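**Q** In UniProt numbering, the protein residues as written are 1 to 736. Where a beta carbon is used, it is the ideal one built from N, C-alpha and C, also for glycine. These numbers come from a predicted model, not from an experiment.
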Ligand SMILES: Nc1nc2c(c(=O)[nH]1)N[C@H]1C(S)=C(S)[C@@H](COP(=O)(O)OP(=O)(O)OC[C@H]3O[C@@H](n4cnc5c(=O)[nH]c(N)nc54)[C@H](O)[C@@H]3O)O[C@H]1N2
Ligand SMILES: Nc1nc2c(c(=O)[nH]1)N[C@H]1C(S)=C(S)[C@@H](COP(=O)(O)OP(=O)(O)OC[C@H]3O[C@@H](n4cnc5c(=O)[nH]c(N)nc54)[C@H](O)[C@@H]3O)O[C@H]1N2
Ligand SMILES: [Mo]
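1) Quick one: what does DSSP say residue 254 is sitting in, helix, strand or coil?
2) Can you give the beta carbon distance from residue 175 to residue 368, rounded, assuming they're within the 8 Å contact cut?
3) By the three-class DSSP mapping on this structure, what secondary structure does residue 131 have?
4) Along the chain, where does the beta strand (DSSP E) containing residue 437 start, and where does it finish?
5) For residue 376, write down the residues that DSSP places opposite it in a beta bridge.
6) Please state whether DSSP places residue 243 in a helix, a strand or coil.
7) Which two residues bound the contiguous beta strand (DSSP E) that contains residue 138?
8) Rounded to a whole number of angstroms, what is the C-alpha to C-alpha distance between residue 282 and residue 676?
9) How should residue 723 be labelled, buried or exposed, when 16 other C-beta atoms within 10 angstroms of its C-beta is the threshold for buried?
10) How about residue 468: is its Cβ closer than 6 Å to a heavy atom in ligand 2?
11) From residue 625 to residue 232, what distance separates their C-alpha atoms?
12) Can you list, in chain order, the residues of its chain with a C-beta nearer than 6 Å to that of residue 273? Leave out the 5 residues immediately preceding and following it.
13) Can you check which of these residues, 650, 108, 511, is closest to residue 524 by C-alpha distance?
14) Could you check whether the Cβ of residue 169 sits closer than 6 Å to any heavy atom belonging to ligand 2?
15) Between residue 380 and ligand 3, is there a pair consisting of the residue's CB and a ligand heavy atom that are separated by less than 6 Å?
16) Answer yes if the region 644-654 comes into contact with the region 179-197, meaning at least three C-beta pairs across the two stretches below 8 Å, and no otherwise.
17) Taking only runs of the alpha helix (DSSP H) that begin and end inside the region 494-540, which ones reach a length of at least 4 residues, in chain order?
18) Return the chain-ordered list of same chain residues with a C-beta closer than 6 Å to the C-beta of residue 487, the five sequence neighbours on each side being excluded.
19) Terminal residues of the continuous beta strand (DSSP E) containing residue 621?
20) May I ask you to check if the CB of residue 31 is nearer than 6 Å to at least one heavy atom of ligand 3?
21) Do residue 392 and residue 132 come within 7 Å of each other at the CB atom, strictly closer than that value?
22) Please state whether DSSP places residue 652 in a helix, a strand or coil.
23) Confirm, please, whether the CB-CB distance from residue 679 to residue 719 is below 7 Å.
24) Less than 6 Å separating the Cβ of residue 137 from some heavy atom of ligand 2?
25) How far does the beta strand (DSSP E) with residue 96 in it extend, from its first residue to its last?
26) Can we count residue 666 as close to ligand 2, meaning its CB is less than 6 Å from some heavy atom?
27) Pair every Cβ in the region 132-150 with every Cβ in the region 525-544, then say whether three or more of these pairs are closer than 8 Å.
28) Between residue 223 and the rest of its own chain, which residues show a CB-CB distance below 6 Å, the 5 nearest in sequence each way excluded?
29) Between which two residues does the alpha helix (DSSP H) containing residue 39 stretch?
30) Using the Cα positions of residue 29 and residue 503, report the straight-line distance between them to the nearest angstrom.
31) Buried or exposed for residue 517, going by 16 or more other Cβ atoms inside 10 Å?
32) Cβ of residue 264 within 7 Å of Cβ of residue 139?
33) Using a Cβ-Cβ cut-off of 8 Å (strictly less than) and excluding sequence neighbours within five positions of residue 267, which residues of its own chain qualify?
34) With a CB to CB cut of under 6 Å and the five nearest residues on each side skipped, what residues in its chain are close to residue 594?
35) Which residue spans inside the region 579-616 form an unbroken alpha helix (DSSP H) run of at least 4?
36) Name the one or two DSSP bridge partners that residue 667 has.
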């Protein structure tokens with residue numbers, strides 16, 4: 001409330017927060033956690049961090065032409081992300097002409113023409129990149145990918161490439177669909193909930209309410225994390241007065257303080273122990289019927305994990321054998337298990353294999369497609385899953401492209417496009433020349449900051465469709481555009497009537513979202529309107545796509561979504577239902593697995609603990625309690641005891657002693673990567689913290705300069721933001 005009142009004032013605070021996540025209100029933009037059923041919502045159906053996200057958008061501060069006249073690009077380049085974000089909402093379309101030091105105002109029409117001219121001047125459509133951040137609505141996302149493909153490219157990198165891509169790849173391969181298989185009701189009914197690589201107290205606070213209900217119903221919770229995250233260990237429902245993470249009930253029944261990257265080994269050991277328990281008490285642990293009917297590959301998997309190398313497991317996990325046995329016993333004792341995970345799993349080299357190991361254990365016990373059980377990747381951005389459903393994907397399958405082509409009468413390009421990492425390489429190597437960002441802050445969110453910034457600066461044109469100022473406006477192409485857009489909380493009167501949009505949460509539930517606040521400026525346009533403007537200026541009436549009609553009535557877009565997107569038949573009608581509808585998910589709905597084998601797939605992955613060279617540390621880059629990705633709300637991280645600063649490194653006391661440092665010392669972080677490039681992030685304060693020896697943690701995006709562009713998860717190409725090898729230098733020691 002403090003932040004909301006400061007930024008929005010009392011009237012806007014009340015009107016905004018009371019509509020947040022309500023059936024006829026707007027969807028919270030802070031995370032993808034689902035909403036309770038329509039009749040079961042609280043008057044205040046939001047969390048502290050949702051309120052911060054709304055305040056950040058609802059701020060009274062404005063960034064208009066005077067601001068840009070006053071601040072040059074080189075001035076802005078020296079500002080922190082925190083400072084840039086706090087300047088307020090963008091109000092005018094602005095252009096940076098080639099060579100200019102300042103942005104200047106431009107009309108919408110001229111801006112659209114400028115984009116069209118640049119795109120049409122390219123040698124090939126594949127020289128353009130169409131990036132999406134996960135806040136974009138389904139309607140805008142659908143039109144955006146339609147535009148990119150009608151223009152002629154599949155270059156649709158998105159934030160998912162840096163986020164849950166490993167999940168999408170691992171699940172698609174094994175269960176045939178890259179999405180989680182549970183509903184909120186399953187969480188409530190589970191008797192074991194596993195939470196690995198996730199900090200819900202900060203990033204998905206409403207998940208704690210669901211865990212609390214599950215606990216009340218008798219569930220046990222197993223938390224797996226290098227850090228003792230406050231919300232996982234203690235939680236008091238914030239819907240009750242004075243409820244906060246860090247107090248109240250003990251949530252986790254068992255906490256495994258695992259070494260970074262150790263989860264693959266842990267889950268192989270759990271599989272091993274479950275098979276052993278089954279041998280001792282046949283029929284008690286393994287679901288033979290499920291395995292026989294619904295899976296392939298069991299024998300090879302069982303042979304692999306029976307032959308487990310415990311030394312490797314203990315080295316990889318840093319856990320003791322009794323700890324692992326206790327966890328395995330929790331699995332063996334449970335009848336309904338939900339396994340949840342987030343970035344602590346997906347942003348590692350072995351992420352895809354780890355997720356496949358989660359699937360192995362779930363298949364072993366038949367924990368997919370029954371009430372109270374399933375796989376629960378917890379998505380980040382509020383509509384990141386929906387964007388993918390709508391076709392924001394550089395590798396959309398042919399079936400999707402066929403349907404799109406048939407609906408709009410053109411042949412979409414088939415060659416796979418560039419993902420986020422490939423996009424940076426493409427810009428660096430001169431293969432990509434125009435970058436359009438539908439939301440987000442690509443420059444700051446991506447790895448290898450110095451390289452990424454140079455790549456973006458080399459672009460002929462960068463375009464950012466944004467609500468607030470960020471580094472991607474400052475580090476821009478030779479010509480650059482800022483196109484200011486409406487946020488989720490704001491009334492959208494595009495086409496002269498009140499429009500609403502739709503979103504999909506982490507559990508495939510789709511529903512409408514409608515903002516009611518007065519827009520931050522008179523010139524703001526909706527994302528849909530902006531895409532239609534750019535598309536018209538670029539494509540004219542190519543293929544007869546009715547961009548005008550789409551921008552007049554979003555139901556027209558929903559009609560098309562219903563005819564193109566699998567499982568979305570009758571979309572325009574279905575979303576009119578209170579609370580929306582849930583998209584089909586074959587494994588969840590009917591235990592059918594649309595893989596090539598037609599069944600769920602057990603897989604075998606090699607287990608080898610990655611050893612860190614002596615004197616070096618593994619750095620994981622995480623979020624504080626006071627940020628949303630690259631948007632920094634404030635400089636505290638309350639649950640971890642950090643105040644008034646973000647340049648801190650959490651480190652084990654034994655590492656401190658061994659490396660000759662003390663708590664409070666200032667250090668520079670120096671990256672260690674095989675390409676010999678020196679990557680540094682300077683001036684961090686060391687903070688003694690409970691983290692496994694050899695594993696340190698610091699905040700993102702400040703540490704993105706340390707993540708090498710080529711350091712990616714196998715198969716998913718996701719930057720390894722949770723596995724960066726660094727060494728510490730006394731601050732300033734070797735700087736020129
Ligand atoms: N308030 C707020 N909400 C958000 C966001 C935000 O920035 N602020 N961001 C949104 C987005 S886009 C996303 S993707 C999600 C992110 O949600 P999270 O994934 O919870 O975010 P991170 O801060 O990256 O936390 C990663 C967690 O994994 C743990 N971890 C790291 N390495 C390992 C490992 O090897 N094994 C295990 N078991 N654990 C490990 C870390 O200690 C940490 O607890 O949150 C979304 N919601
Ligand atoms: N080192 C490291 N790097 C990471 C991660 C990590 O854990 N560690 N996490 C990765 C993850 S999980 C993700 S998802 C990415 C996030 O990458 P992005 O999604 O690109 O970044 P955000 O910071 O969420 O984007 C914030 C910007 O979005 C704009 N915005 C906000 N609301 C709206 C809206 O309604 N419409 C439009 N058009 N624009 C809007 C604002 O201008 C704001 O400045 O970062 C990734 N990078
Ligand atoms: Mo994310």
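**A** With the structure as the only source:
1) For the purposes of this step, residue 254 is taken as the residue at position 254 of the chain shown. Strand, per DSSP.
2) Within the chain shown, residue 175 is the residue found at index 175, counting from 1. Within the chain shown, residue 368 is the residue found at index 368, counting from 1. Rounded, the Cβ-Cβ distance is 7 Å, consistent with contact.
3) Translated into positions along the chain shown, residue 131 becomes position 131. DSSP places residue 131 in strand when its eight states are reduced to three.
4) To locate residue 437, count along the chain shown from 1; it is residue 437. Taken as a continuous stretch (DSSP letters only), the beta strand (DSSP E) holding residue 437 covers 434-438.
5) Residue mapping note: residue 376 aligns to position 376 of the chain shown, counting from 1. For residue 376, which the question treats as bridged, DSSP gives the partners 340.
6) Start at 1 with the first residue of the chain shown, and residue 243 comes out as number 243. Unreliable positioning characterises residue 243 in this predicted model, as indicated by a pLDDT of 47, which lies under 50. The coordinate reading is nonetheless provided below. The answer is coil: DSSP assigns residue 243 none of H, G, I, E or B.
7) Within the chain shown, the letter at position 138 stands for residue 138. It is not in any beta strand (DSSP E) - residue 138 instead sits in the alpha helix (DSSP H) that spans 138-151.
8) Reading the chain shown from its first residue, position 282 is the one you call residue 282. Reading the chain shown from its first residue, position 676 is the one you call residue 676. Taking the straight line joining both Cα atoms gives about 54 Å.
9) Looking up residue 723 in the chain shown gives position 723. It is buried - the Cβ of residue 723 has at least 16 other Cβ atoms within 10 Å.
10) For this step, residue 468 is matched to residue 468 along the chain shown. Because some heavy atom of ligand 2 lies under 6 Å away, the Cβ of residue 468 counts as near it: yes.
11) Locating residue 625 in the chain shown gives position 625, where the first residue counts as 1. Locating residue 232 in the chain shown gives position 232, where the first residue counts as 1. Cα-Cα distance, rounded: 14 Å.
12) Residue 273 sits at position 273 when you count from the first residue of the chain shown. The answer, listed in chain order, is 328.
13) Locating residue 524 in the chain shown gives position 524, where the first residue counts as 1. Ranking 650, 108, 511 by Cα distance to residue 524 puts 108 first.
14) Along the chain shown, one-based indexing puts residue 169 at 169. Because no heavy atom of ligand 2 lies under 6 Å away, the Cβ of residue 169 does not count as near it: no.
15) Locating residue 380 in the chain shown gives position 380, counting from the first residue. Correct: residue 380 has its Cβ closer than 6 Å to ligand 3.
16) no
17) 527-539
18) The residue labelled residue 487 in the question sits at position 487 within the chain shown. Cβ within range, chain order: 57, 467.
19) Locating residue 621 in the chain shown gives position 621, where the first residue counts as 1. From DSSP, the beta strand (DSSP E) with residue 621 extends over 617-622.
20) Counting from one through the chain shown, the residue named residue 31 turns up at place 31. Result no, Cβ not under 6 Å from ligand 3.
21) Taking the first residue of the chain shown as 1, we reach residue 132 at position 132. Taking the first residue of the chain shown as 1, we reach residue 392 at position 392. Contact flag set, yes.
22) Within the chain shown, numbered from 1, the residue matching residue 652 stands at position 652. DSSP places residue 652 in coil when its eight states are reduced to three.
23) By one-based count along the chain shown, residue 719 stands at place 719. By one-based count along the chain shown, residue 679 stands at place 679. Against a cut-off of 7 Å, the Cβ pair of residue 679 and residue 719 comes out as no contact.
24) Here the question's residue 137 lines up with position 137 in the chain shown. No, the Cβ of residue 137 stays beyond 6 Å of every heavy atom of ligand 2.
25) On the chain shown, residue 96 is found 96 positions in, with the first residue counted as 1. Run containing residue 96: 94-96, per the beta strand (DSSP E) assignment.
26) Residue numbering aside, residue 666 sits at position 666 when the chain shown is read from its first letter. Outside the cutoff, so no.
27) yes
28) Taking the first residue of the chain shown as position 1, residue 223 is located at position 223. Result list for residue 223: 195, 232, 252, 255, in chain order.
29) Here residue 39 refers to the residue found at position 39 of the chain shown. Note, residue 39: premise wrong, no alpha helix (DSSP H); not H, not E.
30) The sequence position of residue 29 within the chain shown is 29, counting from 1. The sequence position of residue 503 within the chain shown is 503, counting from 1. Looking at the two C-alpha atoms, the distance is approximately 10 Å.
31) Walking along the chain shown from the start, residue 517 turns up at place 517. It is buried - the Cβ of residue 517 has at least 16 other Cβ atoms within 10 Å.
32) The residue labelled residue 264 in the question sits at position 264 within the chain shown. The residue labelled residue 139 in the question sits at position 139 within the chain shown. No. Outside cutoff.
33) Taking the chain shown and counting its residues from 1, the one referred to as residue 267 is at position 267. Same-chain partners within the cutoff: 354, 357, 358, 360, 361.
34) Taking the first residue of the chain shown as position 1, residue 594 is located at position 594. Cβ neighbours of residue 594 beyond the five flanking positions: 176, 586.
35) 586-590
36) Taking the chain shown and counting its residues from 1, one reaches residue 667 at position 667. Paired residues: 684, 730.
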